[in-house]
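> Quick one: the structure is below, and I'll ask about it shortly.
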Amino acid sequence: MQVNEQKTAAMAEEGAGAKKESAVENAAKTVARTPRRNKKRWYTNLDLYLMLLLPVAYVLIFHYAPMYGVIIAFKDYSAGRGIWASPWVGFKHFAAFFEQPDFWVLVKNTLIVSIYSLILYTIVPIVFGLLLFEVPNKAAKRVVQTVTYAPYFISGVIVCSMCYSFLDADTGMLAQLFQALGAERTQYMYSTSAYYHVYVLSGLWQGLGWWSIIYVGTLSNVDPALHEAAIIDGANRFQRIIHINFPSILPVATIQFIMSVGNLMSIGFEKSWLLMNEQNKPAAKIIATYVYEISLKSTLKQFSMATAVGLFNSFINIILLIAANFLSKRVSETSLW
Amino acid sequence: MIKGRYDRIFDIVNYLIMIAVCAIVVIPLIFILANSFSSPDLVYFGEVRLIPKGFTLATYKQVITYDDYAILNGFKNTIIYTFFGTLISMTLTFLAAYPLSRKDLKGRGLFMTLFVITMFFNGGLIPTFLVVKSLGLYNRMLGVILPGALSVYNMIIVRTYMQSSIPYELQEAAMIDGCSNFRLFLVIILPLCKPMIAIMVLFYAVGYWNSYYNALIYLQDEAREPIQIVLRRLFSQTKSGGLSTGNTSTSGTELAKQAEAMQYAVIVVAMAPILCIYPFLSKYFERGLMVGSLKG
Chain A
7 MQVNEQKTAA MAEEGAGAKK ESAVENAAKT VARTPRRNKK RWYTNLDLYL
57 MLLLPVAYVL IFHYAPMYGV IIAFKDYSAG RGIWASPWVG FKHFAAFFEQ
107 PDFWVLVKNT LIVSIYSLIL YTIVPIVFGL LLFEVPNKAA KRVVQTVTYA
157 PYFISGVIVC SMCYSFLDAD TGMLAQLFQA LGAERTQYMY STSAYYHVYV
207 LSGLWQGLGW WSIIYVGTLS NVDPALHEAA IIDGANRFQR IIHINFPSIL
257 PVATIQFIMS VGNLMSIGFE KSWLLMNEQN KPAAKIIATY VYEISLKSTL
307 KQFSMATAVG LFNSFINIIL LIAANFLSKR VSETSLW
Chain B
10 MIKGRYDRIF DIVNYLIMIA VCAIVVIPLI FILANSFSSP DLVYFGEVRL
60 IPKGFTLATY KQVITYDDYA ILNGFKNTII YTFFGTLISM TLTFLAAYPL
110 SRKDLKGRGL FMTLFVITMF FNGGLIPTFL VVKSLGLYNR MLGVILPGAL
160 SVYNMIIVRT YMQSSIPYEL QEAAMIDGCS NFRLFLVIIL PLCKPMIAIM
210 VLFYAVGYWN SYYNALIYLQ DEAREPIQIV LRRLFSQTKS GGLSTGNTST
260 SGTELAKQAE AMQYAVIVVA MAPILCIYPF LSKYFERGLM VGSLKG
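Heads up: the sequence lines are chains A and B, in that order. Heads up: the first sequence begins at 7 in the numbering used here, then just goes up one per residue. Heads up: the second sequence begins at 10 in the numbering used here, then just goes up one per residue.
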């Protein structure tokens, strides 16, 4: 592994060195206009385009065709007529959704779950990454990393099953621990008030180690001279973390944050669906579970309505993404575009 | 470096925090393991902590024989999904990544945009469902694999790796010697991408192993159900106490006890394969993710 890393590093350096050379060479060549260079047209790379054919066809079919299918949000889709021949109805389905008694509950639940996770999943991995990087012993660091990454590889089905097992008021380890600490006997999985915490904290348990990888990795690239200079100036560990390490991971953290905002409204179907039961449903139902329930899960199969609701969800998401990117550009000069 | 007293206190506190975080991750897993090997009576009354009590393998036997060996069938299906899914995903990812890593590819930006857009926009549940259905893939194994087979995020990681760690001059030299792009890809690029291949196989394989959503949406037939769907069914049945063991002589409380113990055994059965191979691959993660985070 060690050797391998060195090799790649050496290769990367060589590459960088060679790049500079080739830029000069290229410039020289453009001036000289050697005939062999000039001949290189797009068809010399024909086989590269052939390689792209399969993946491009794939995204066209499985990503772009559904984007076209979104028009059924503005139609009364019936399976017999197909997408194109179904009659246009304008914003009927959107209006129907906004008038739903559940509308505000769904929006509220979606936002609570998303924003609560967004805040916690941004801050805690940063703090954990900063602290993990400070562990002086390499072997200990490795052990902590291997252990904390592991839950990321456990499936959503299992994690949700674990929530049920651990929070059972009679037999669950966590529920018993809470009772021993003086909490009242509660069936946490069947309560609306505990639901958000169960959702977000179980996610944190699962992702904490994994999400901090990127920060630990970024920190190992920080110039040690910065720390040496700070030590000479009398800065202690904590001050160096705040003034050197934190600022150096900030750009990466910002990009991660904007990306999470981009996925804010699209996360959570699977987990919400798995954690949901009749008792906690008032808190657990979100826009995505509603879409599933009125279409594939229901006998009525309201495909147009479901598509309209999904489109509304994406629309909010895009607005949030643009807003986050704009804010970040203003405040920190880091942005996606 | 001479450590001040302040630094030593910092180290001690930091170690304590790390130990606490590891404990929070590990204790639940040990608890599940201990319960799965314990006698259902003791599990039911929450007596088992971190060491099995009244050791028994009976619970595992029940889990495996449950519903006419549904678990084994689920395992078989999941192995099929994981193997072919990973194969398809790897093919799509690397076929897209290599051409897009080449700076001399005309229209590269355009193709890149085509892929990146799909990271932020999608048709949503129903339009995607309709496409899968119209292709005749509904209730087919391929229909569970294909939607979501290409992760553009992974493709960008691979592309960035190819760009940053394989010198273009090497490729140019091969081309001057008359090597075609495709041969170049197979003979030079792929062998140089070995660490990336390892990481991507891991990402995709784990994804398919744990995947629940696609089967929930695109599958009806119980015979093709992946393990996660079977587990979910088994779990919700044991939770609601609607467990039918076919044994009419067992009383209601007996059933409830068995169901409680089975929950833990089910979790172990589903987690074991992933957690067994995981430690061997964990060394690759950091590098893989770091390369991907470079903007290129």
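Even for Gly, the Cβ is constructed at its ideal location relative to N, Cα and C.
Kindly identify the DSSP beta-bridge partner or partners of A:K81.
As a working mapping, residue 81 of chain A is identified with position 75 in the first sequence. According to DSSP, which records beta bridges pairwise, A:K81 is partnered with A:W94.
> Can you name the start and end residues of the alpha helix (DSSP H) that A:Y233 belongs to?
As a first step, residue 233 of chain A is located in the first sequence; it is residue number 227 there, counting from the start. Reading the sequence as shown, one finds His at residue 233 of chain A and not Tyr. Per DSSP, A:H233 belongs to the alpha helix (DSSP H) from 230-238.
> Please tell me whether A:V267 and A:A330 are closer than 7 angstroms, where the distance is taken between their beta carbons.
For the purposes of this step, residue 267 of chain A is taken as the residue at position 261 of the first sequence. For the purposes of this step, residue 330 of chain A is taken as the residue at position 324 of the first sequence. Yes, these two residues count as a Cβ contact at 7 angstroms.
> Quick one: grab the DSSP three-state call for B:K203.
Position 194 of the second sequence, counted from the start, is the residue given in the question as residue 203 of chain B. Residue state, collapsed to three classes: helix.
> Could you confirm whether any beta carbon from chain A is found closer than 7 angstroms to the beta carbon of B:M121?
Looking up residue 121 of chain B in the second sequence gives position 112. Chain A contact via Cβ: absent.
> Residues of chain A with a CB under 9 angstroms from the CB of B:L146: which are they?
What you label residue 146 of chain B is simply residue 137 of the second sequence in a count that begins at 1. Per Cβ cutoff of 9 angstroms: no residues; B:L146 is ~10 angstroms from chain A at best.
> Which same chain residues, not among the five before or five after B:Y6, have their C-beta less than 6 angstroms away from its C-beta?
Because chain B in this structure spans residues 10 to 305, residue 6 of chain B falls outside the shown range and cannot be described.
> Quick one: what does DSSP say B:L151 is sitting in, helix, strand or coil?
The count along the second sequence starts at 1 and reaches residue 151 of chain B at position 142. Three-state DSSP puts B:L151 in a helix.
> Please report how far the alpha carbon of B:I126 lies from the alpha carbon of B:I39, in whole angstroms.
The sequence position of residue 126 of chain B within the second sequence is 117, counting from 1. The sequence position of residue 39 of chain B within the second sequence is 30, counting from 1. For B:I126 and B:I39, the distance between alpha carbons rounds to 43 angstroms.
> Name, please, each residue of chain A whose Cβ falls closer than 9 angstroms to the Cβ of B:P200.
To locate residue 200 of chain B, count along the second sequence from 1; it is residue 191. Under the 9 angstroms cutoff, chain A gives no residues; its nearest Cβ is about 13 angstroms from B:P200.
> In angstroms with no decimal places, state the Cα-to-Cα distance between A:E27 and A:W90.
In the first sequence, the residue the question calls residue 27 of chain A occupies position 21. In the first sequence, the residue the question calls residue 90 of chain A occupies position 84. Note that A:E27 scores 46 on pLDDT, short of 50, meaning its location in the model is unreliable and no value can be drawn from it.
> Please list the residues of the stretch 33-54 of chain B that have a C-beta atom closer than 9 angstroms to any C-beta atom in chain A, keeping them in chain order.
If the cut-off is 9 angstroms between Cβ atoms, the stretch 33-54 of chain B has I33, V34, V35, I36, P37, L38, F40, I41, N44, V52, Y53, F54 near chain A.
> Going by beta-carbon coordinates alone, are B:S110 and B:Q180 separated by less than 7 angstroms?
For the purposes of this step, residue 110 of chain B is identified with residue 101 of the second sequence, where counting begins at 1. For the purposes of this step, residue 180 of chain B is identified with residue 171 of the second sequence, where counting begins at 1. Cβ distance not < 7 angstroms, so B:S110 and B:Q180 don't count as in contact.
> Tell me which residues share the same chain as A:V165 and place their Cβ nearer than 7 angstroms to its Cβ, disregarding the 5 neighbours each side in the sequence.
Position 159 of the first sequence holds residue 165 of chain A. Answer for A:V165: S208, Q212, listed in chain order.
> So that I know if they touch, is there some Cβ in chain B lying closer than 7 angstroms to that of A:S171?
As a working note, residue 171 of chain A is residue 165 in the first sequence. Chain B, which has a Cβ nearer than 7 angstroms to the Cβ of A:S171, makes this yes.
> Name the residue from A:L59, A:I261, A:A236 whose alpha carbon lies nearest to the alpha carbon of A:W217.
As a first step, residue 217 of chain A is located in the first sequence; it is residue number 211 there, counting from the start. It is A:I261.
> With 16 as the cutoff for other CB atoms within 10 Å, does A:N115 come out buried or exposed?
For the purposes of this step, residue 115 of chain A is taken as residue 109 along the first sequence, with counting starting at 1. When all chains shown are included, A:N115 counts as buried.
> Any chance you could list the alpha helix (DSSP H) runs of at least 4 consecutive residues sitting entirely within the stretch 156-220 of chain A, in chain order?
Those alpha helix (DSSP H) runs which fall completely within the stretch 156-220 of chain A and span 4+ residues are 162-172, 179-186.
> Listed in chain order, which residues of the stretch 18-34 of chain B have Cβ atoms closer than 8 angstroms to some Cβ of chain A?
Cβ contacts with chain A: F19, D20, N23, Y24, I26, M27, V30, C31, I33, V34.
> State buried or exposed for B:I21, treating a residue as buried only when at least 16 other CB atoms are found within 10 Å of its CB.
Numbered from 1 along the second sequence, position 12 holds the residue referred to as residue 21 of chain B. Counting Cβ neighbours within 10 Å, B:I21 comes out exposed, since fewer than 16 surround it.
> Report the rounded CA-to-CA distance for A:G188 versus A:E140, giving the unit in angstroms.
To locate residue 188 of chain A, count along the first sequence from 1; it is residue 182. To locate residue 140 of chain A, count along the first sequence from 1; it is residue 134. A:G188 and A:E140: Cα-Cα distance of roughly 35 angstroms.
> Just to check, is the beta-carbon of A:A200 closer than 6 angstroms to a non-hydrogen atom of the ligand GTP?
Absence of the ligand GTP from the depicted structure is noted, as is the absence of any ligand whatsoever, leaving it without description.
> Using only CA atoms, which one of A:F244, A:T340, A:Y201, A:N251 lies nearest to A:A223?
Stepping through the first sequence from its first residue, residue 223 of chain A is reached at position 217. The sequence given here has Gly at residue 223 of chain A, not Ala. Of A:F244, A:T340, A:Y201, A:N251, the residue nearest in Cα terms is A:N251.
> With a CB to CB cut of under 8 angstroms and the five nearest residues on each side skipped, what residues in its chain are close to A:F172?
By one-based count along the first sequence, residue 172 of chain A stands at place 166. Counting only Cβ-Cβ distances below 8 angstroms, and skipping sequence neighbours, we find G178, M179, L180, A181.
> Could you list which residues in chain A have their beta carbon closer than 7 angstroms to that of B:Q237, in chain order?
On the second sequence, position 228 is the one that residue 237 of chain B refers to. Near B:Q237 (Cβ distances below 7 angstroms), the residues of chain A are S161, V163.
> Cβ closer than 9 angstroms: which chain E residues qualify as neighbours of B:R241?
Protein chains A and B are contained in the structure displayed, whereas chain E is not.
> Which first and last residues belong to the alpha helix (DSSP H) in which A:F244 is found?
Position 238 of the first sequence holds residue 244 of chain A. Where A:F244 is concerned, the enclosing alpha helix (DSSP H) stretches over 243-246.
> Relative to the C-alpha of B:N190, which candidate in A:V163, A:E339, A:F80, A:L52 has its C-alpha closest?
In the second sequence, residue 190 of chain B corresponds to position 181, counting from 1. It is A:L52 whose Cα lies nearest to the Cα of B:N190.
> Taking any Cβ of chain A, which residues in the stretch 78-111 of chain B have a Cβ under 7 angstroms from it, in chain order?
The stretch 78-111 of chain B vs chain A, Cβ under 7 angstroms: L101, L104, A105, Y107, P108, R111.
> Give me, in chain order, the residues of the same chain whose beta-carbon lies closer than 6 angstroms to that of B:G255; leave out the 5 immediate sequence neighbours on both sides.
Locating residue 255 of chain B in the second sequence gives position 246, where the first residue counts as 1. For B:G255, the pLDDT reaches just 47, beneath the cut-off of 50, and the residue's location in the model is therefore unreliable, leaving the point undetermined.
> Relative to the C-alpha of B:T91, which candidate in B:G118, B:A274, B:V210, B:Y227 has its C-alpha closest?
Residue numbering aside, residue 91 of chain B sits at position 82 when the second sequence is read from its first letter. Ranking B:G118, B:A274, B:V210, B:Y227 by Cα distance to B:T91 puts B:V210 first.
> Starting from the C-beta of A:M282, find all residues in its chain whose C-beta is less than 6 angstroms away, skip the five residues before and the five after it, and write them out in chain order.
The residue you call residue 282 of chain A lines up with position 276 of the first sequence. Here the set comprises A290.
> Mind checking which residues open and close the alpha helix (DSSP H) that includes B:C31?
Position 22 of the second sequence, counted from the first residue, corresponds to residue 31 of chain B. First-last of the alpha helix (DSSP H) with B:C31: 14-45.
> In chain A, which residues lie with their C-beta within 8 angstroms of the C-beta of B:F129?
One-based indexing of the second sequence puts residue 129 of chain B at position 120. Within chain A, the residues near B:F129 are G268, I324, L327.
> Given this structure, state the Cα-to-Cα distance separating B:C188 from B:F194, to the nearest angstrom.
The residue given as residue 188 of chain B occupies position 179 in the second sequence. The residue given as residue 194 of chain B occupies position 185 in the second sequence. Cα to Cα, B:C188 sits roughly 10 angstroms from B:F194.
> Measuring CA to CA, which of B:V196, B:T137, B:F84, B:Y293 is closest to B:A314?
Residue 314 of chain B falls outside the range modelled here, since chain B spans only 10 to 305, and no answer is possible.
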